[in-house]
Amino acid sequence: MDRRQFVRSAATAGLLLPAGLVLADSNKAPKRVPPSPAPVAAKARVIVIGGGMAGATVAKYLRLWGDAVEVTLIERNPKYLSNIMSSLVLTGQRSLSGLTFGYDTLQARYGVKLVVGEVVEVDPVRVQVRLANGTWLSADRIVMAPGIGFDAVPGLDDVNRMPHAWQAGAQTTLLARQLAAMPSNGVAVLTVPKVPYRCPPGPYERACLIADWLKVNKPRAKLIVLDANPDFVTEVDNFSKAFYGLHGKVIEYRPNSIISSVDTHQMVVYASTGAVQAHVVNLIPQQRAGALAAGLATANGGRFVPVDVLSYACLDPAASRVHVIGDAAATTQPKAGHIANQEAKVCADALARIFGGGQPDPAPVTNSACYSTITRTQASWLTAVFQYDPVSKTMKPAPASSAASVGWQADNFDQMNTWFKALMADSFA
Amino acid sequence: MKRMISPPRVIAVAIGLAGLLSALPALSQTATSPSGPIGRLLASNCFQCHGTNGRGPGFDTLAGKSASELYKDMKEFQAGKEGDNIMARHVMGYSDAQLQALAQWLSTQR
Chain B
34 MDRRQFVRSA
44 ATAGLLLPAG
54 LVLADSNKAP
64 KRVPPSPAPV
74 AAKARVIVIG
84 GGMAGATVAK
94 YLRLWGDAVE
104 VTLIERNPKY
114 LSNIMSSLVL
124 TGQRSLSGLT
134 FGYDTLQARY
144 GVKLVVGEVV
154 EVDPVRVQVR
164 LANGTWLSAD
174 RIVMAPGIGF
184 DAVPGLDDVN
194 RMPHAWQAGA
204 QTTLLARQLA
214 AMPSNGVAVL
224 TVPKVPYRCP
234 PGPYERACLI
244 ADWLKVNKPR
254 AKLIVLDANP
264 DFVTEVDNFS
274 KAFYGLHGKV
284 IEYRPNSIIS
294 SVDTHQMVVY
304 ASTGAVQAHV
314 VNLIPQQRAG
324 ALAAGLATAN
334 GGRFVPVDVL
344 SYACLDPAAS
354 RVHVIGDAAA
364 TTQPKAGHIA
374 NQEAKVCADA
384 LARIFGGGQP
394 DPAPVTNSAC
404 YSTITRTQAS
414 WLTAVFQYDP
424 VSKTMKPAPA
434 SSAASVGWQA
444 DNFDQMNTWF
454 KALMADSFA
Chain L
52 MKRMISPPRV
62 IAVAIGLAGL
72 LSALPALSQT
82 ATSPSGPIGR
92 LLASNCFQCH
102 GTNGRGPGFD
112 TLAGKSASEL
122 YKDMKEFQAG
132 KEGDNIMARH
142 VMGYSDAQLQ
152 ALAQWLSTQR
């Protein structure tokens, strides 16, 4: 299908949308909302690359807030698997199918055009992208949300021997199976990469969850956490109490453990703090922007993409019509799905203003919020609001808002489920 | 979060806020910037937990509430009257002007 054919067939699809959709609302009678078919005469066109938390949200909000903006979302997978909550698959409390989110609502309710395909090239000057099938698509702006990629680890010749399971999918299922098959006095290793990486509390909450599960299922097993950082990178109080207190008999914490290589045959991890042999290794390597953004990734030692946080446009003048949101961007904000959703809204709002002849909001606000599982039934919380600082041109956390819970509770675990449901609906529905 | 709101206090705050808002013409219900209503982007920080446009699913539904009610609720969280929880900390990240702007925008959602 060439580009002209694609545009024509997509426009036809827009005209075939149902006349109205019924929205479920817990408090009121179901309401009919007008559909948002893709614009027949687009005033501006945006290509969104990547349908994760950031990409799905920007596609939705460009249609919701943009005046006749045509949005084409290009994603290699037909459905999204949520990384958030995926550590609960390891303990059998969640299933991957329950963490699967489709793009149907983005298409039907908001008129987003979905292309399931692989982008192999982005031309930031001509504002064009090339798909694996050779098709070129062009737009007024490109929003890239390519997520993360992983550094190669010397000796890691078979990733399935030491899965990261840091992108939900087959590796998550595999790691769950490997943990289940571990001897009851076995040794598991979990490695924490150097900052910045996706989901700062994530490796620690996964360690807590696995430790809690091991106590019941593998009572004499150990979990060795090899942290490349000098200390817990976030929620220091909660994770210190959990690692040294609550899970102290299961978890052995080794900070400043830089991984130099692994041996997948002997199942050995070579770290700066010594070699460890284990039955199961959850190797979470150091991270960088997804491969498609590699050419733009000049920050953090060539790992992530520097952007203007008023619009998420690339700072590179040659790529000023390319915006990068979510974990691939180099900002002062954490790399995580909740705040990626808000970065997407800032980007969508900025583009709507720019297409209308205006300027981005000069004082954007974003927020991060999440819950960490400390046991299989209890959680802590962590939050921060970020305000734009015009002097440093960065997002700065508002000090009073930057906080974590004191300890963990079952109530927080329930709230975590509500939060997850709300966040995914705001991003995908 | 189950919360009781005593009507007389709501009215008192509503009057106070109405006075305040009338002093800020930019925050009237129909106020728009060159492309987008004032307060909308700010208010979208609520959507991750309270649903798109505050309509759920999630924690308390925000759509259908008045600006004064929303503002009062947020100030109570900010003052710690609901305890030290994630919402209390979250609301501490905004200035009063920002809370008023986002409450005003949310009040236009039914």
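Protein chains in written order, with the working numbering: chain B, 34 to 462; chain L, 52 to 161.
Beta carbons are placed, not taken as given, at the ideal position from N, Cα and C, and that holds for glycine.
- Rounded to the nearest angstrom, the gap between the Cα atoms of L:Q99 and L:I137 is 13 Å.
- Here B:D296 has G188 as same chain residues with Cβ atoms under 6 Å from its own Cβ, once five neighbours each way along the sequence are excluded.
- B:V153: member of the beta strand (DSSP E) spanning V152 to D156, first to last residue.
- Taking B:P72 as reference, the option from B:V145, B:L279, B:H280 and B:G84 with the minimal CA-CA separation is B:V145.
- No Cβ of chain L is located within less than 8 Å of the beta carbon of B:P72.
- For B:C241, the enclosing alpha helix (DSSP H) covers residues G235 to N250.
- By the criterion of at least three beta-carbon pairs nearer than 8 Å, the segment 441-455 of chain B is in contact with the segment 410-422 of chain B.
- Chain-order list of chain B residues neighbouring L:F128: empty, with the shortest C-beta distance near 11 Å, by a criterion of under 8 Å.
- Exposed is the label assigned to B:P216, since fewer than 16 other Cβ atoms lie within 10 Å of its Cβ.
- Within the model, the alpha-carbon separation for L:R91 versus B:R174 is close to 22 Å.
- In this structure, the straight-line span from the alpha carbon of B:K378 to that of B:N450 is close to 23 Å.
- Runs of the beta strand (DSSP E) spanning 3 or more residues and lying entirely within the segment 158-228 of chain B occur at 161-164, 169-171, 174-177, 181-183 and 220-225, in chain order.
- Within 8 Å of the CB of L:L150, no CB atom of chain B is found; the nearest one sits about 11 Å away.
- The C-beta of L:L92 comes closer than 8 Å to at least one C-beta of chain B.
- A distance of 8 Å or more separates the beta carbons of B:A332 and B:A352.
- The secondary-structure analysis by DSSP pairs B:P339 across a beta bridge with B:A363.
- For B:I387, the enclosing alpha helix (DSSP H) stretches over residues G370 to F388.
- Looking only at B:A203, B:P226, B:C347 and B:S128, the smallest Cα-Cα distance to B:D184 is reached by B:P226.
- By the rule that beta-carbons nearer than 8 Å mark a contact, B:V398 touches chain L.
- Sequence-distant Cβ neighbours of L:G115 in its own chain, meaning closer than 8 Å and more than five residues away, are Q160 and R161.
- With fewer than 16 other CB atoms across the displayed protein chains lying within 10 angstroms of its CB, B:V149 is exposed.
- In this structure, DSSP gives B:G391 a state outside helix and strand, which the three-state scheme calls coil.
- Under the three-state reduction of DSSP output, B:S273 falls in the helix class.
- Taken atom to atom, the span from the alpha-carbon of B:G334 to that of L:K123 is near 46 Å.
- In this structure, the straight-line span from the alpha carbon of B:P157 to that of B:D100 is close to 24 Å.
- Residue burial is scored here from C-beta neighbours: B:R109 has fewer than 16 other C-beta atoms within 10 angstroms and is therefore classed as exposed.
- Annotated as proximal: B:R336 and B:A322, with beta-carbon spacing under 8 Å.
- Rounded to the nearest whole angstrom, the CA to CA distance from B:A437 to B:I292 is 29 Å.
- Only residues of its own chain outside the window of five on either side were considered, and among them V266, T267 and P367 have a CB closer than 6 Å to the CB of B:P233, listed in chain order.
- In the three-state scheme derived from DSSP, where H, G and I count as helix and E and B as strand, L:I137 is classed as helix.
- Think of a sphere of 7 Å around the beta carbon of L:Y122: no beta carbon from chain B falls inside it, the nearest being about 16 Å out.
- Note on geometry: alpha-carbon atoms of B:V314 and B:G307 lie some 15 Å from one another.
- By alpha-carbon distance to B:A172, the top candidate from B:R231, B:I317, B:G88 and B:R78 is B:R78.
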